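Undergrad:
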Amino acid sequence: MASKISIYGLSGSGKSCYIYAMTKAMNKGIKFDNGKVMTMVNSDLKQVNLLNQRFNMMVNGMWPPGTTETTVFSYNNRIAFKFITDISIRDYRGGIFTNIEEDMNEVDDLYKSFKDSGSLAFFIGVDKVMRALKGDVEAFNDLDLMNNLYARYLDLYPNDTTPIIFVLTKADLASPEELETCKNFIRDNYAAFFGAGTGLTVGLTAVTLGRNLGCGADNELIGELRVGPSEGNIQIPILFTIFGIYSKRIAEELERNAAYNKTLETRQGTLAQREQKGFFSKIWYGGTSSIKRQIEAIQGQIKKSNEDLLLMADCIDLIKSKMRDGVELYVDGELQNI
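Per numbering that gives the first Met the number 0, the sequence shown starts with residue 0, numbered consecutively.
1. According to the Cβ coordinates, are A170 and T204 closer than 7 Å?
2. Note down the Cα distance separating Y329 from S116, rounded to an integer number of angstroms.
3. Within the chosen definition, does the stretch 247 to 261 reach the stretch 219 to 227 through at least 3 CB pairs nearer than 8 Å?
4. Output the distance between the C-alpha atoms of G11 and N76, rounded to the nearest integer angstrom.
5. Please name the residue, chosen from D143, G215, F80, Y152, that lies closest to R186 on a Cα-to-Cα basis.
6. Examine the Cβ distances between the stretch 191 to 199 and the stretch 227 to 242 and report whether three or more of them are shorter than 8 Å.
7. Evaluate contact between the stretch 120 to 134 and the stretch 167 to 181, counting only Cβ atoms and requiring at least three cross-stretch pairs below 8 Å.
8. Given that a residue counts as buried once 16 or more other Cβ atoms are within 10 Å of its Cβ, and exposed if not, what is L119?
9. Distance, Cα to Cα, V128 vs N218?
10. State buried or exposed for Q234, treating a residue as buried only when at least 16 other CB atoms are found within 10 Å of its CB.
11. Leaving out the 5 sequence neighbours to the left and right, which residues in its chain are closer than 8 Å to T287 when beta-carbon positions are compared?
12. Going straight from the alpha carbon of I241 to that of A24, what length do you get?
13. Between K114 and D159, is the Cβ-Cβ spacing less than 7 Å?
14. Can you give me the Cβ contacts of I337 inside the same chain, cut-off strictly under 8 Å, excluding the 5 residues immediately before and after it?
15. Would the stretch 67 to 87 and the stretch 39 to 49 be scored as touching if the rule is three or more Cβ pairs under 8 Å?
16. Would you mind sorting A312 into buried or exposed? The rule is 16 or more other CB atoms within 10 Å of its CB.
17. Around the C-beta of V166, are 16 or more other C-beta atoms found within 10 angstroms, so that it is buried, or is it exposed?
18. Could you give the residue range of the alpha helix (DSSP H) that holds M39?
19. What residue range does the alpha helix (DSSP H) around N305 cover?
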């Protein structure tokens, strides 16, 4: 079963263009300090063609058209070519937020996606934040919709703690001082996410796909496009979301591991009791061959579970090493020293 990452943002936030660029960057992969490379590759040829077409438009100086429907992209996540997990990224069309009355079935799916996702990514354009900071009421109201959506979600699923990352896009449009002001806006406008007592893991980062990027006449791409695994923090949102998926899977695997060990203890106790019985009692209770086979199978499950836990724990350590300089990480409202 694929792990799910859901990406949300208003129209024009740059989330779809991020996916096109991120896909190219992750095809090349992220090299960790130990020399291993993590990749996230889409092997669906129909999707690959679409992703390539959209990225080629950007390379050739044109911005791709905005998404008019929610799209799901599928990837294989590997480290050193060792398969880790399938990942599906759902790119929700931006218009769903400002035209929420259009398709209530899609809105219901949006709320459910919060619940069944391994991580959530909220994409927010620096240009929109700067307009809100200058007193643009419409921009401020649009940005405030995220609070309304999440409040509605908590009505449905009050105890969920799916990791969330706020991604400030188009960071090249702001000076370092302006970018810090935009980050302050995020911390203030979405203060509840960063507050104590939530149990949430929340990230805050800023990304860019180049330098001095802008949109000219007829969607012309102005500026310098720069896409690579370590360019413009492009790796940070995907690393954070994978970090969230691995953390969730470790918690699930620990529960399975504990259940396996409990079952093993029970079967071993049963075996010991049967071996103490006499010959005819062993025949009556079915002997020991069956229970021994069960014990061997459970021991195999425990071995596989331990290997998976070790692999994912190593992956988390590698990911954390690459996130140190690119993300603010808050756990239950407390800023972490990664």
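Ideal Cβ positions, reconstructed from N, Cα and C, are used throughout, including at glycine.
Just so you know, these numbers come straight off a predicted model, no measurement behind them.
TA: Inspection of the coordinates gives the following:
1. Between A170 and T204, the CB-CB gap reaches or exceeds 7 Å.
2. Rounded to whole angstroms, the separation of the alpha carbons of S116 and Y329 is 19 Å.
3. Touching, no, given that fewer than three Cβ pairs across the two stretches are closer than 8 Å.
4. If you draw a straight line from the Cα of G11 to the Cα of N76, it is about 28 Å long.
5. Closest in alpha carbon position to R186, among D143, G215, F80, Y152, is D143.
6. Contact between the stretch 191 to 199 and the stretch 227 to 242 is absent, because fewer than three Cβ pairs lie under 8 Å.
7. Segments in contact, yes.
8. L119 should be labelled buried.
9. If you take the alpha carbons of V128 and N218, they lie about 22 Å apart.
10. By the 10 Å Cβ count, Q234 comes out buried.
11. Around T287: L270, R273, E274, K281.
12. The alpha-carbon separation between I241 and A24 amounts to approximately 15 Å.
13. The answer is yes: Cβ separation under 7 Å.
14. Within its own chain, the residues whose Cβ lies closer than 8 Å to the Cβ of I337, once the five positions on either side in sequence are excluded, are K319, M322, R323, V326, L328, listed in chain order.
15. Taking 8 Å as the limit for Cβ pairs, the verdict is that the stretch 39 to 49 does touch the stretch 67 to 87.
16. Burial call: exposed.
17. With 16 or more other Cβ atoms within 10 Å, it is buried.
18. Looking at the DSSP string, M39 is not in any alpha helix (DSSP H); the run it does join, the beta strand (DSSP E), is 36 to 40.
19. Taken as a continuous stretch (DSSP letters only), the alpha helix (DSSP H) holding N305 covers 288 to 322.
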